[in-house]
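Shown next, in structure tokens, is the structure this report addresses.
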Amino acid sequence: MNLLPQPQEVTLLEGTTTLLSPVRINAREWSDEVEAWAADLSKSTMIDFELVESEDADITFGFATDIEGYRLTIDGQVRIMCSWSDGAVQALTTLRQLGPTDLFSVERSPLTSFELPNCEIEDWPEFGWRGAHLDVARHFWDVETVERYVDLMVMHKLNVLHLHLNDDQGWRVEIPNWPKLTSIGAWRNGSPVGHEDDDVRDNVRHGGFYTRDDLERISRYCALRGVAVVPEIDLPGHAQAVLAAYPELGNNPEAQLEVWQHWGISDHVLNVSDEALQFAVEVVSYVASIFPNATVHIGGDECPTTEWESSHLAQAVMTEHGFESAQELQGLFTSRLCEVLEEAGHQVIAWDEVLDAEVPETTVIAAWRSVEKGIEAAERGHYVVMMPMQYVYFDWLSSDQPGEPIAVHPAPFVTTWEKTYSFEVVPTELDPTLRKQILGAQAQLWTEYITSRDRMDYMAFPRLSAFAEVVWGTSGDLDSFRPRLEAHLERLKSAGVKYRPLDTQ
Ligand code: ACM
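Everything in the sequence shown is counted per my numbering, starting at 19 for the first residue and increasing by one.
See the structure below:
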């Protein structure tokens with residue numbers, strides 16, 4: 019069967035079941051999700067799907083409240099039991115994997131029927147947050163490329179898309195009262211050639227941004243496929259593109275900053291005036307309003323305090339609040355944004371640096387610097403999503419061999435797919451009573467060195483496939499995973515994914 023991620027419980031039955039086009043589906047309350055799935059499948063296979071109400075349909079859905087994931091039975095007919103749309107979507111992905119790899123084809127490959135092995139599967143995810151992050155700031159990706167990434171996430175039962183929407187090198191969302199964020203902040207006049215350390219630029223203008231309509235389209239696309247979008251606006255650091263557009267929000271308003279042409283961490287951050295805080299509240303609230311009920315990411319990583327240390331205003335604000343270190347100033351942003359977003363019904367997540375200043379306990383912590391940061395956050399009472407860079411940052415080298423494409427760090431900072439597969443979402447050192455505070459895990463795709471879809475594929479796969487099984491909660495030993503992964507690569511090939519071969523470059 020070679021399912022990936024491996025389901026929790028599988029019983030193989032005798033024989034096979036063949037579904038003939040038109041495939042009749044009784045989708046019950048999940049007709050929207052089933053229609054999206056059927057439309058995705060028909061695009062290349064030309065198989066017709068019809069929604070019907072009869073109980074003898076080829077595929078029937080049933081409702082059972084005691085099921086967290088799904089139960090799938092194939093024995094002449096396909097029966098799916100679930101209690102919510104996520105279970106329905108998970109079952110449909112399993113069904114697609116049980117068929118021929120052509121069901122994932124992006125090339126025209128007409129089928130009139132497909133065969134499925136008879137079986138019974140009882141399956142559920144161990145973690146509710148199975149995330150994939152995409153950096154659309156360092157390089158801008160159009161809506162179609164984002165949707166394609168979502169398709170690949172769904173193929174792996176990943177369910178949270180984290181969009182990193184701004185950085186020093188570009189602002190990517192149109193905001194009504196702040197037009198220069200996109201007329202100026204969305205465009206940079208050059209990017210590094212080769213590695214940043216080589217200090218060479220291409221002088222080629224790069225940029226782009228999403229309109230509200232674009233983001234609503236992505237949101238709808240994701241919702242129909244069981245994926246929640248987590249939009250991120252990263253402040254008060256990583257703000258050079260903002261300051262290129264609105265210098266008055268910075269610490270040296272006279273400085274003529276450009277949208278940054280370097281990779282790394284710019285020293286230019288927001289100032290700590292009421293106006294800058296209000297700016298942060300306004301733009302983050304606007305982006306949050308595009309995604310009702312979403313968890314919203316307020317960034318908060320890598321905020322250098324160099325400028326604050328020599329700013330009269332920052333020093334005065336520190337005295338006013340009795341702060342001893344400039345780092346504590348970041349807490350003003352964190353607290354204010356959390357307050358406003360929670361008031362509007364959003365859960366808030368932030369990078370783990372927010373732990374170094376005031377942060378409400380309700381803030382979910384994105385533990386990226388190390389496993390220990392995740393443990394610290396859980397011990398301090400936070401919910402945590404584990405994303406330690408050593409295991410799940412796919413801008414790192416895939417191996418230490420000489421032919422690998424340029425990555426963010428040189429060897430020995432290497433993350434092989436085998437290493438990703440060895441990742442344990444719940445750290446063994448964590449006190450078992452805190453286990454429930456680990457919501458799940460997330461893989462990161464930072465795109466400084468990713469300039470094309472093919473490169474995106476190479477860096478993401480097969481590491482994202484390995485990650486998917488880890489965060490589903492059924493990872494085991496490499497010997498049993500590898501043959502399933504090899505079979506799964508055929509699906510990726512069919513889907514046009516230019517993955518990195520398992521052993522060679
Ligand atoms: C990060 O990688 N700077 C969150």
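For each residue, glycine too, the CB sits at the ideal point set by N, CA and C. Small disclaimer: the values here were computed from a predicted structure and weren't measured.
Between the C-alpha atoms of residue 218 and residue 422 there is a straight-line separation of about 20 Å.
Within the model, the alpha-carbon separation for residue 280 versus residue 209 is close to 7 Å. A direct Cα-to-Cα measurement between residue 386 and residue 31 gives close to 43 Å. Rounded to the nearest angstrom, the gap between the Cα atoms of residue 213 and residue 275 is 22 Å. Rounded to the nearest angstrom, the Cβ distance from residue 314 to residue 248 is 7 Å, consistent with a contact under 8 Å. One alpha carbon belongs to residue 231, the other to residue 146, and they sit about 28 Å apart.
In the three-state reduction of the DSSP assignment, residue 55 falls in the helix class. For residue 258, the enclosing alpha helix (DSSP H) stretches over residues 258 to 263. Between the alpha carbons of residue 142 and residue 305 lies a distance of about 32 Å.
The bridge partners DSSP lists for residue 228 are 191. Set against 7 Å, the gap from the CB of residue 320 to the closest heavy atom of the ligand ACM is smaller. Going by C-alpha positions, residue 126 is about 8 Å away from residue 64.
The distance from the Cβ of residue 246 to that of residue 184 is about 20 Å, inconsistent with a contact at the 8 Å cut-off.
Residue 289 counts as buried, since no fewer than 16 other beta carbons sit within 10 angstroms of its beta carbon. Residue pairing by DSSP places residue 404 opposite 385, 459 in a beta bridge. DSSP lists 188 as the bridge partner or partners of residue 185.
Cβ-Cβ distances below 7 Å link residue 394 to 373 in the same chain, with the five nearest sequence neighbours on each side left out; the list follows chain order.
A Cβ-Cβ distance of about 28 Å is found for the pair residue 66 and residue 25, leaving them out of contact under the 8 Å criterion. The beta carbon of residue 444 is closer than 7 Å to those of 453, 456 in its chain, skipping five residues each way along the sequence.
With a cut-off of 7 Å, the C-beta of residue 386 is classified as near the ligand ACM, since at least one heavy atom of the ligand falls inside that distance. DSSP places residue 131 in the strand class (E or B) of the three-state scheme.
With a cut-off of 8 Å on Cβ pairs, the region 481 to 491 is in contact with the region 435 to 444, counting three or more such pairs. Distances from the CA of residue 101 to each of 119, 92, 111, 80 were compared; the closest alpha carbon is that of 80. Proximity of the beta carbon of residue 369 to the ligand ACM is indicated: a heavy atom of the ligand is located closer than 7 Å.
The region 232 to 246 makes contact with the region 147 to 164: 3 or more CB pairs, one atom from each, lie closer than 8 Å. One thing to note: residue 316 has its Cβ within 8 Å of the Cβ of residue 368.
About 5 Å separates the beta carbon of residue 91 from that of residue 138, a gap short enough to meet the 8 Å contact definition. Counting only residues of its own chain and dropping the five nearest sequence neighbours on each side, residue 354 has a CB closer than 7 Å to the CB of 295, 299. Beta-bridge annotation (DSSP): residue 80 is paired with 99. Boundaries of the alpha helix (DSSP H) around residue 507: 496 to 512.
Between residue 195 and the set 413, 507, 337, 263, the nearest pair of CA atoms involves 263.
Excluding its 5 nearest sequence neighbours in each direction, residue 323 has C-beta neighbours in its own chain below 6 Å: 344, 345, listed in chain order. For residue 67, the three-state secondary structure derived from DSSP is strand.
In the DSSP assignment, residue 304 falls within the alpha helix (DSSP H) that extends over 292 to 308. With a cut-off of 8 Å on Cβ pairs, the region 220 to 230 is not in contact with the region 325 to 339, counting fewer than three such pairs. As summarised for the region 425 to 477, the continuous beta strand (DSSP E) elements at least 3 residues long and confined to that stretch are 456 to 461, given in chain order.
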